[in-house]
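FYI, in mature numbering (1 follows the signal peptide of the UniProt record, and there is no 0) the residues of the sequence shown are -22 to -1, 1 to 236.
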Amino acid sequence: MSTPRRQFLRLAAGMLAGGALAGCDRLSDNASFTGFLRRAQYLSRWAQDLLTGPDAMAQEFSEDDITSDFRSNGTSMPDSALYRELANAGFRDWALEVDGMVRQPLILSLAQLKALPSRTQITRHDCVEGWSAIAKWTGVPLSRVLDLAGPLPQARFVVFHCADPMDGSDRTAPQSTYYESLDLREARHAQTILAYGLNDAPLPVANGAPLRLRVERQLGYKHAKYLMRIALVDRLDGIRGGKGGYWEDLGYEWYAGI
Ligand SMILES: Nc1nc2c(c(=O)[nH]1)N[C@H]1C(S)=C(S)[C@@H](COP(=O)(O)O)O[C@H]1N2
Ligand SMILES: [Mo]
């Protein structure tokens, strides 16, 4: 989505929230209104759906548009003994765990993931730090994996747990790793894939090997690299900082629409 549209969405969401707030201070005493405010993070998502529909596709590009050298950002090599071991063995012993609110928990090897139907897409990655790049991604649609696991009716979000411990936290604690989340609709979008290929080559370590999320309608930080586990949950507020992602816990928006 173009920058003007993004600004418009921000504006629309801001006006709605601001307008609702302006009239009445006592609204904050009202439980359902505070509930509404808590849902304010979903407002820009709602405004975007109004404009483009929940199934709108991110723009796809041609081979000629591919940026010559897709850069790495954030972690480029997880500082983790387990990850190093897995990488040194060519990810032969790596597996993706799928658990939480599912009928059938799964443990999927890279070979099993590659044996599932795949999707290839050439898309533009937009990082909030001010760079963009176009690349070709190949992977399994997340909806395929969800179909195998069978989310329970109460499941609402997919949480992505990564291998890389983040600075400033206890590097030995498993909960100090990067994480992200999507609602089930975004998770089932046609362009939401678990990618193992970048520009027709195996996904490099710098870009999240062996498996990373691509969620093409949202900003770079949503695209969790170094996936280890995905969990179906009914709410995010009990997980880590409660905001649904490493950067979200530090103040970034959960719905990072482009
Ligand atoms: N596990 C993990 N995923 C991550 C990050 C990270 O540091 N760790 N950085 C995020 C950010 S801010 C961006 S812009 C992209 C960068 O992806 P790239 O390294 O393939 O360019 O990954 C996102 N996913
Ligand atoms: Mo980013």
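We treat Cβ as the ideally placed atom computed from N, Cα and C, and that holds for glycine.
#1: Residue 193: beta carbon under 7 Å from a heavy atom of ligand 2?
#2: For residue 24 and chain C, any beta-carbon pair shorter than 8 Å?
#3: Taking the alpha-carbon of residue 200 as reference, which of 180, 171, 177 and 213 has the nearest alpha-carbon?
#4: Could you check how far apart the C-beta atoms of residue 100 and residue 138 are, in whole angstroms? I think they sit under 8 Å.
#5: Express the C-alpha separation of residue 176 and residue 41 in angstroms, rounding to a whole number.
#6: For residue 197, does the three-state DSSP call read helix, strand or coil?
#7: Could you check what DSSP says for residue 225 in three-state terms: helix, strand or coil?
#8: Expressed to the nearest angstrom, what Euclidean distance is found between the alpha-carbon atoms of residue 31 and residue 168?
#9: Restricting to runs no shorter than 4 residues, where is the alpha helix (DSSP H) found entirely within the segment 39 to 116?
#10: Output the distance between the C-alpha atoms of residue 126 and residue 193, rounded to the nearest integer angstrom.
#11: Here's the rule I'm using: 16 or more other beta-carbon atoms within 10 Å means buried, otherwise exposed. How should residue 163 be labelled?
#12: Any idea what DSSP makes of residue 173, helix, strand or coil?
#13: Taking just the CA atoms, how far does residue 157 sit from residue 49?
#14: If you reduce the DSSP assignment to three classes, tell me which class residue 231 lands in.
#15: Whose C-beta lies closer than 6 Å to the C-beta of residue 75 among residues of the same chain, with five residues either side of it excluded?
#16: DSSP three-state label for residue 24, please.
#17: Shortest alpha-carbon distance to residue 80 belongs to which of 217, 236, 183 and 135?
#18: Which first and last residues belong to the alpha helix (DSSP H) in which residue 145 is found?
#19: Residue 63: buried (16+ other C-beta within 10 angstroms of its C-beta) or exposed?
#20: Assuming the contact rule is C-beta atoms closer than 8 Å, residue 140 and residue 198 should be a hit. Round their C-beta distance to whole Å, please.
#21: Check whether the Cβ atoms of residue 122 and residue 83 lie closer than 8 Å to each other.
Result, derived from the coordinates:
#1: Checking every heavy atom of ligand 2 against the Cβ of residue 193, none is found closer than 7 Å.
#2: Among the chains of the structure shown, chain C does not appear; only one protein chain is present.
#3: The residue with the shortest Cα to Cα distance from residue 200 is 171.
#4: That pair is no contact at about 23 Å.
#5: The alpha-carbon atoms of residue 41 and residue 176 are separated by roughly 13 Å.
#6: In the structure shown, residue 197 sits in coil (DSSP, three-state: anything other than H, G, I, E or B).
#7: If DSSP states are grouped into helix, strand and coil, residue 225 belongs with coil.
#8: Within the model, the alpha-carbon separation for residue 31 versus residue 168 is close to 13 Å.
#9: Correct list: 59 to 66 and 88 to 93.
#10: The straight-line gap from Cα to Cα measures roughly 20 Å.
#11: With fewer than 16 other Cβ atoms within 10 Å, it is exposed.
#12: Of the three classes helix, strand and coil, the one that applies to residue 173 here is strand, per DSSP.
#13: Linking residue 49 to residue 157 through their CA atoms gives a straight-line distance of about 21 Å.
#14: Here residue 231 sits in coil by DSSP.
#15: Closer than 6 Å at Cβ, skipping near neighbours: 85 and 207.
#16: In the structure shown, residue 24 sits in a helix (DSSP, three-state: H, G or I).
#17: Nearest of 217, 236, 183 and 135 to residue 80, Cα basis: 135.
#18: Neither: residue 145 is in no alpha helix (DSSP H) and is coded neither H nor E.
#19: It is exposed - the Cβ of residue 63 has fewer than 16 other Cβ atoms within 10 Å.
#20: About 14 Å separates the two Cβ atoms, so there is no contact after all.
#21: Cβ distance not < 8 Å, so residue 122 and residue 83 don't count as in contact.
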